[in-house]
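Data first, discussion second: the structure below is written as structure tokens.
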Amino acid sequence: MLERVPATARKTILGDDSEDGSLLVVAIAGLTLVATILTFLFTPAYALPMLAVFVAVTAVGWVTYQAEIARLLTLVATVSTVLTVGFITAFLFSSAFPAFVEHGLGLLIIPEGQWFFGLDAVLPVDESYWNPSNDVYSLLPMMWATVIVTVIAIAVAGPLGLFGALFISEVASDRMREFIKPGVEILAGIPSIVYGFIGFQVLNGFIQTSFLDEGASFLIAGIVVGIMALPTVVSVGEDSLSSVPSSMKDGSVAIGATQWQTMKSISIPAAFSGISAAIILGIGRAVGETMAVAAIMAAGVGLANPLFDVFDASATLTSLIATQYGSASESTIDVLFVAGVILFVIVGTMSVASQYIEQQMKKKLKGQQ
Amino acid sequence: MSNTAADTEIDMDTDTETTTTTGESQEEVKAEWTDYDFAGQPKLSVENLNVWYGDDHALKDVSMDIPEESVTALIGPSGCGKSTYLRCLNRMNDRIKVANIDGSVELDGMEIYDTNTNLVELRKRVGMVFQAPNPFPKSIRDNISYGPRKHGDINKGFLARLLGQDDSDEEAELVERALKQAALWDEVSDRLDANALGLSGGQQQRLCIARCLATDPEVILMDEPASALDPIATAKIEDLIEDLAKDYTVVVVTHSMQQAARISDQTAVFLTGGELVEYDDTDKIFENPESQRVEDYITGKFG
Ligand SMILES: Nc1ncnc2c1ncn2[C@@H]1O[C@H](COP(=O)(O)OP(=O)(O)OP(=O)(O)O)[C@@H](O)[C@H]1O
Ligand SMILES: [Mg+2]
Chain A
154 MLERVPATAR KTILGDDSED GSLLVVAIAG LTLVATILTF LFTPAYALPM
204 LAVFVAVTAV GWVTYQAEIA RLLTLVATVS TVLTVGFITA FLFSSAFPAF
254 VEHGLGLLII PEGQWFFGLD AVLPVDESYW NPSNDVYSLL PMMWATVIVT
304 VIAIAVAGPL GLFGALFISE VASDRMREFI KPGVEILAGI PSIVYGFIGF
354 QVLNGFIQTS FLDEGASFLI AGIVVGIMAL PTVVSVGEDS LSSVPSSMKD
404 GSVAIGATQW QTMKSISIPA AFSGISAAII LGIGRAVGET MAVAAIMAAG
454 VGLANPLFDV FDASATLTSL IATQYGSASE STIDVLFVAG VILFVIVGTM
504 SVASQYIEQQ MKKKLKGQQ
Chain B
818 MSNTAADTEI DMDTDTETTT TTGESQEEVK AEWTDYDFAG QPKLSVENLN
868 VWYGDDHALK DVSMDIPEES VTALIGPSGC GKSTYLRCLN RMNDRIKVAN
918 IDGSVELDGM EIYDTNTNLV ELRKRVGMVF QAPNPFPKSI RDNISYGPRK
968 HGDINKGFLA RLLGQDDSDE EAELVERALK QAALWDEVSD RLDANALGLS
1018 GGQQQRLCIA RCLATDPEVI LMDEPASALD PIATAKIEDL IEDLAKDYTV
1068 VVVTHSMQQA ARISDQTAVF LTGGELVEYD DTDKIFENPE SQRVEDYITG
1118 KFG
């Protein structure tokens, strides 16, 4: 068993059909890479020359043993990606650890010392939840704000995204689709600060002058985040709608169903999981990015009062990190890391859920239940 | 290879001469061979039908009347336009964007290519079983009752129950009748709630036949309905088709000469290039065709 390890390692790095002399070149390239990383860690000044050595060795290897070197490079790229993400995750969680040890569950619910009779009935809305100068830290209002904004965003992006995707895939003519689809994809690439800015300048001003006197609100943040997610939802949703085989739609139409009945009973159900995946994906992205921008306008850190008041405003997890980071003390930063972990878990869960749902859809269309 | 092509060419050149009196133009010959006289009214009457897919002229000037309450078989080599022709009869070709259709098709004397034809009504009257089975990703039961539910003939679900109009019993009856007709009932009666996509290819094919029957159309278009079936199921479907012809007008595409000979009353032969070459009583076509090319095709000399 043990003797086979070098052979397996060799196979992994060089491939089954490696040429004999290649091992040496690949080994040298690998060693110079490791050396580069080590010099970067300990004497950064010499890292650049070391990198040049690595590039030179790789270049020589590329000429002599291209297949093996290419294999090494893909391996290096994969390993470094996985390692980087792994380190970031580990760093995030370990940085959040001290605050969690210090404040315990108080971070997630009502701050220590302010407990009522358990967590019964209604949450005390006018308590102080966040006051770094008094060492009062609870992320509850921000979590709640994140939930409200996300729900509003889904309410905006879900129906609009579905109908937009339906229009592009089922109603629009070929020529229209040629213009709209790329257009929507470009929209998805607009930096979120632009959406946040538009939301603040245009929507907020409009709502202030026409309805209420108050400033920023969950409603506006939710609408802006929803609009930000919309292009992603439309684009991914359209992909899943157009992956419904046209023979199925033909079957429905040929039986005397109307076009709308066909969309409702064939296309949407068949693409349902793809569409929900699209919504989750779009919102998940927006929660991470736009919500910071959109909710910066709300610097308050209390619970909405009453709880479901969408015209109220307070910081969300994302905007808390963005606004507090600059002026934060050591212990506040620790708490911000906890906010980061919560966000990480929320968005990570959403993205895993979206992928799971999409897999289910593929299975469904292939007929394995 | 080049040899065969040359042979075919010679066949085509000599075709008109060998079997008709000289002096007739090609158009007259064609009209004579494809003109089929029958008693009674035609259910479908096709005049000068042409179909192009882009620049590809897939169906050339086809005229044929289809009598009601009978089985009409369409035969011909692959790619000769049989499916194209069939799709013209319920305007499913409208859904192919590159398709260009010219000509006239009348159903009971009413032009279906009129601009104000109600396509939904047309397709209720002219049902279709596709060449490739296309069950919906729903339960077997929902597949069968799909048409009647969309037409409003069967009400089901929460709202219907609320209004006291739940037709679940009728649905069950309909599902059983349609599945029995399509010779599928015995295999699926214990799993009507299972997803139809989990059925085998041949079962899916019969499910699609049952689905079409459930909507009770007047004309049934079948594109190779038995292509994926074993001999026993094939025999059952053939019996079904003959049975259906008592009340319905059936048009069936098949690649099996024996099947066409067994089940059909009249046969239309399409040949490469999208032409209808000969259309007559099935017996006449198989025993004594006018066209040399048709005879060669039927006897397997070229396709
Ligand atoms: N959707 C389409 N787009 C473009 N061309 C098409 C389309 N459908 C059919 N054709 C072309 O039209 C011609 C006739 O096709 P059709 O499907 O009617 O043949 P068929 O007789 O049914 O053949 P088969 O026996 O193989 O089913 C072929 O040359 C085919 O390439
Ligand atoms: Mg065909």
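Residue numbers (our numbering), protein chains in the order written: chain A, 154 to 522; chain B, 818 to 1120.
C-beta atoms are modelled at their ideal positions from N, C-alpha and C, and glycine is treated no differently.
Given the structure is predicted, the values throughout are model-derived calculations rather than measurements.
Check: Neighbour-count burial assignment, valine 505 of chain A, 16 or more Cβ in a 10 Å radius; Outcome: exposed
Check: Chain-ordered neighbours of alanine 949 of chain B on chain A, where CB pairs are closer than 8 Å; Outcome: Ser400
Check: Beta-carbon proximity of leucine 996 of chain B to alanine 1043 of chain B, cut-off 8 Å; Outcome: no
Check: Glutamine 948 of chain B beta carbon near ligand 1 (any heavy atom closer than 7 Å); Outcome: yes
Check: Exercise answer, beta-carbon shell around ligand 1 heavy atoms below 5 Å; Outcome: B:Tyr870, B:Ala875, B:Ser895, B:Gly896, B:Cys897, B:Gly898, B:Lys899, B:Ser900, B:Thr901 and B:Ile913
Check: Outcome for glycine 969 of chain B when other beta-carbon atoms lying within 10 angstroms are tallied against a minimum of 16; Outcome: exposed
Check: Cβ-Cβ distance between isoleucine 436 of chain A and alanine 306 of chain A below 8 Å; Outcome: yes
Check: Own chain, CB closer than 7 Å to alanine 341 of chain A, minus 5 neighbours either side, in chain order; Outcome: Pro384, Thr385 and Ser388
Check: Sub-8 Å separation of serine 400 of chain A and alanine 916 of chain B beta-carbons; Outcome: no
Check: Boundaries of the beta strand (DSSP E) in which alanine 949 of chain B is found, first to last residue; Outcome: First-last for alanine 949 of chain B: undefined, no H or E at that position.
Check: Outcome for alanine 374 of chain A when other beta-carbon atoms lying within 10 angstroms are tallied against a minimum of 16; Outcome: buried
Check: Closer than 7 Å: aspartate 403 of chain A CB and nearest ligand 2 heavy atom; Outcome: no
Check: Methionine 881 of chain B, enclosing beta strand (DSSP E) - first and last residue; Outcome: 873-884
Check: Inter-stretch contact (C-beta, 8 Å, three-pair minimum) for the region 955-969 of chain B and the region 1001-1012 of chain B; Outcome: yes
Check: Any chain B beta carbon closer than 8 Å to alanine 162 of chain A; Outcome: no
Check: Three-state secondary structure assigned by DSSP to leucine 272 of chain A; Outcome: Because leucine 272 of chain A carries a pLDDT of 43, less than 50, the predicted location of this residue cannot be relied on, and no value is offered for it.
Check: Valine 762 of chain B CB to nearest heavy atom of ligand 2 below 7 Å; Outcome: Because residue 762 of chain B is not part of the residues shown, which for chain B are 818 to 1120, the question remains open.
Check: Nearest-angstrom beta carbon gap, arginine 1023 of chain B and alanine 999 of chain B [assumed within contact, 8 Å]; Outcome: 4 Å
Check: Minimum length 3: unbroken beta strand (DSSP E) runs contained in the region 989-1073 of chain B; Outcome: 1036-1040 and 1066-1070
Check: Chain B within 8 Å of glutamine 513 of chain A, Cβ atoms only; Outcome: no
Check: At least three beta-carbon pairs within less than 8 Å, the region 491-511 of chain A to the region 470-480 of chain A; Outcome: yes
Check: For valine 1086 of chain B and threonine 1099 of chain B, the rounded distance between their alpha carbons; Outcome: 10 Å
Check: Integer Cβ distance of isoleucine 408 of chain A from methionine 503 of chain A, believed to fall under 8 Å; Outcome: The pair is not a contact, with the Cβ atoms about 38 Å apart (cut-off 8 Å).
Check: Short-range partners of chain B found in the region 400-419 of chain A, where Cβ spacing is below 8 Å; Outcome: Ser400, Met401, Asp403, Gly404, Ser405, Val406, Ala407, Ile408, Gly409, Ala410, Thr411, Gln414, Ser418 and Ile419
Check: Proximal residues to glutamine 1076 of chain B (C-beta, below 6 Å), its chain only, five neighbours per side dropped; Outcome: none
Check: Meets three-Cβ-pair contact criterion under 8 Å: the region 931-938 of chain B and the region 976-993 of chain B; Outcome: no
Check: Nonlocal neighbours in the same chain, by C-beta distance under 6 Å from glycine 214 of chain A, ignoring five residues either side; Outcome: Val178, Ala182 and Ile222
Check: Rounded C-alpha distance that separates arginine 800 of chain B from cysteine 897 of chain B; Outcome: An answer regarding residue 800 of chain B cannot be provided, because it is not within the stretch 818 to 1120 covered by chain B.
Check: Range covered by the alpha helix (DSSP H) that runs through glutamate 938 of chain B; Outcome: 936-942
Check: Coarse secondary structure for isoleucine 190 of chain A, derived from DSSP in three states; Outcome: helix
Check: Those residues which DSSP pairs with alanine 1085 of chain B across a bridge; Outcome: B:Leu891 and B:Tyr1096
Check: Contact list for the region 180-196 of chain A against chain B, Cβ threshold 8 Å; Outcome: none
Check: Beta strand (DSSP E) segment containing leucine 866 of chain B, residue limits; Outcome: 859-870
Check: Valine 440 of chain A Cβ short of 7 Å to ligand 2 heavy atom set; Outcome: no
Check: Nearest-angstrom Cβ-Cβ length linking glutamate 323 of chain A and serine 420 of chain A, presumed shorter than 8 Å; Outcome: 6 Å
Check: Whether threonine 889 of chain B touches glutamine 1083 of chain B by CB criterion (8 Å); Outcome: yes
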